[in-house]
Amino acid sequence: MKGLVLRTTGSWYRVRPEDGSGEDVVDCRLRGNYRLRGNRQTNPVAVGDWVEYALQEDGTGVIAEVCDRRNYIVRRATKLSKQTHVIAANVDRLCVVATLAFPRTSTGFIDRLLVTAEAYHIPACVVLNKVDLYDEGMRAVHDDLRAMYEAVGYPVCGVSALRGDGIEELRGMMKGRTTLFCGHSGVGKSALLNALVPGLDLRVGEVSDWSEKGRHTTTFAEMFDISDLWGCGEDALPTFLIDTPGIKEFGMVDFRPEELSHFFPEMRAVLHGCRFANCTHRHEPQCAVKEAVEAGTVSTERYNNYLGIYDQIVADKVL
Ligand SMILES: Nc1nc2c(ncn2[C@@H]2O[C@H](COP(=O)(O)OP(=O)(O)O)[C@@H](O)[C@H]2O)c(=O)[nH]1
Ligand SMILES: [Mg+2]
Ligand SMILES: [Zn+2]
Numbered sequence: 006m007k008g009l010v011l012r013t014t015g016s017w018y019r020v021r022p023e024d025g026s027g028e029d030v031v032d033c034r035l036r037g038n039y040r041l042r043g044n045r046q047t048n049p050v051a052v053g054d055w056v057e058y059a060l061q062e063d064g065t066g067v068i069a070e071v072c073d074r075r076n077y078i079v080r081r082a083t084k085l086s087k088q089t090h091v092i093a094a095n096v097d098r099l100c101v102v103a104t105l106a107f108p109r110t111s112t113g114f115i116d117r118l119l120v121t122a123e124a125y126h127i128p129a130c131v132v133l134n135k136v137d138l139y140d141e142g143m144r145a146v147h148d149d150l151r152a153m154y155e156a157v158g159y160p161v162c163g164v165s166a167l168r169g170d171g172i173e174e175l176r177g178m179m180k181g182r183t184t185l186f187c188g189h190s191g192v193g194k195s196a197l198l199n200a201l202v203p204g205l206d207l208r209v210g211e212v213s214d215w216s217e218k219g220r221h222t223t224t225f226a227e228m229f230d231i232s233d234l235w236g237c238g239e240d241a242l243p244t245f246l247i248d249t250p251g252i253k254e255f256g257m258v259d260f261r262p263e264e265l266s267h268f269f270p271e272m273r274a275v276l277h278g279c280r281f282a283n284c285t286h287r288h289e290p291q292c293a294v295k296e297a298v299e300a301g302t303v304s305t306e307r308y309n310n311y312l313g314i315y316d317q318i319v320a321d322k323v324l
């Protein structure tokens, strides 16, 4: 039988049968001799995967096979590990949830997620939550960030899960798609999903950065079918949201330093103009990217984040 993985918790996978409706789910395990495809991945099955499973007498299932993925997105399993963790599979959009209030998200973190989304060909957007907490200074920073990311082509949405600002707009952006929500713990991902989906009732503010300190908690993402927000039964528009636990640092994997600038769309647009084909856009003469930074068409902030990520990738390769 075929089904969709809605949740993974350690060795159990919650699967919804392809022809199942509403609350039908089967808790599955992996077949005992299941082979990891490439042994670098810590999780062979991720939320969003379609799987083939067999139903057991006790009502649980055994997953025999993971169907081909349309796409997926990965991060480093732990800080210095070479292993990768698949965050989710078969998604239409990555929604980077950030906030300028507490805990303030750096553009460095946002850009690591955006670069990864580019590398895996997943469209991305940025949601800035907690606008209800803004003072004038934060409002100004918000407007600058919005201008910066929109100029690159990423939709930006200012919202308040608490007060309701921007929720209707965000709902419109989710419609008919599978959207993956990623961001630091505490930025309000769960609160946002609750605001988007009446009755969802996710726990808010439960996982604090403090309790996770020093240990790497297993990542349990969860996918919600919210198709019924836009019609009923057969007519409902297939719409899914994926909530993820907070990511402290987003570890990128498998990037080569020389290809990094291709994942900054505004740099990709000009880098054919560099004098050297293998230009790294750091210290080379006649670099079209550096010229674009000076002309203001590539923002200094994004360029600095490029340099930071570049150095980090190089350092990781040496390890
Ligand atoms: N003021 C304000 N607080 C919010 C907002 N959204 C979430 N919070 C608070 O931020 C904390 C973390 O929210 P949560 O949804 O658990 O964050 P998550 O870790 O990203 O899922 C909770 O105490 C929420 O009440 C918002 O829009 N405004
Ligand atoms: Mg949460
Ligand atoms: Zn260059």
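Just so you know, my numbering puts 303 at position 298 of the sequence shown, and the rest follows in order with no gaps.
Don't be surprised by glycine CBs; every beta carbon is placed ideally from N, CA and C.
Span separating the alpha-carbon of residue i from that of residue j
i	j	result
ASP321	LEU60	44 angstroms
HIS126	MET272	16 angstroms
THR112	MET6	44 angstroms
ALA69	ALA152	48 angstroms
ARG261	VAL323	12 angstroms
PRO203	GLU306	37 angstroms
GLY169	HIS189	21 angstroms
ALA106	GLU173	21 angstroms
ASN134	VAL164	5 angstroms
LYS295	ALA274	13 angstroms
ARG45	TYR58	24 angstroms
ALA5	CYS284	Past the boundaries of the shown model lies residue 5; the chain is included only from 6 to 324, so the question cannot be answered.
LEU265	GLY64	47 angstroms
VAL157	ASP259	24 angstroms
PRO49	ARG74	12 angstroms
LYS194	GLU263	33 angstroms
Test item: CB-CB of residue i and residue j under 9 angstroms
i	j	result
ALA124	PHE268	yes
THR249	LEU234	no
LEU201	MET228	no
VAL10	VAL79	no
VAL91	MET257	no
LEU185	GLY53	yes
Counted within 10 angstroms of its Cβ, other Cβ atoms place residue i as buried (16 or more) or exposed
i	result
TYR288	Reading off the sequence shown, one finds His at residue 288, where the question assumed Tyr. When all chains shown are included, HIS288 counts as exposed.
LEU175	buried
SER16	exposed
THR13	buried
ALA282	exposed
CYS292	buried
ASP29	exposed
ARG81	buried
ASP116	buried
VAL303	buried
ALA122	buried
VAL319	exposed
ARG19	buried
CYS237	exposed
*In chain order, what residues place their C-beta within less than 5 angstroms of a heavy atom belonging to ligand 3?*
CYS279, CYS284, HIS286, CYS292 and VAL294
_Segments of 4+ residues assigned as alpha helix (DSSP H) that fall wholly inside the segment 8 to 61_ = Considered as a whole, the segment 8 to 61 harbours no complete run of any alpha helix (DSSP H) with no fewer than 4 residues.
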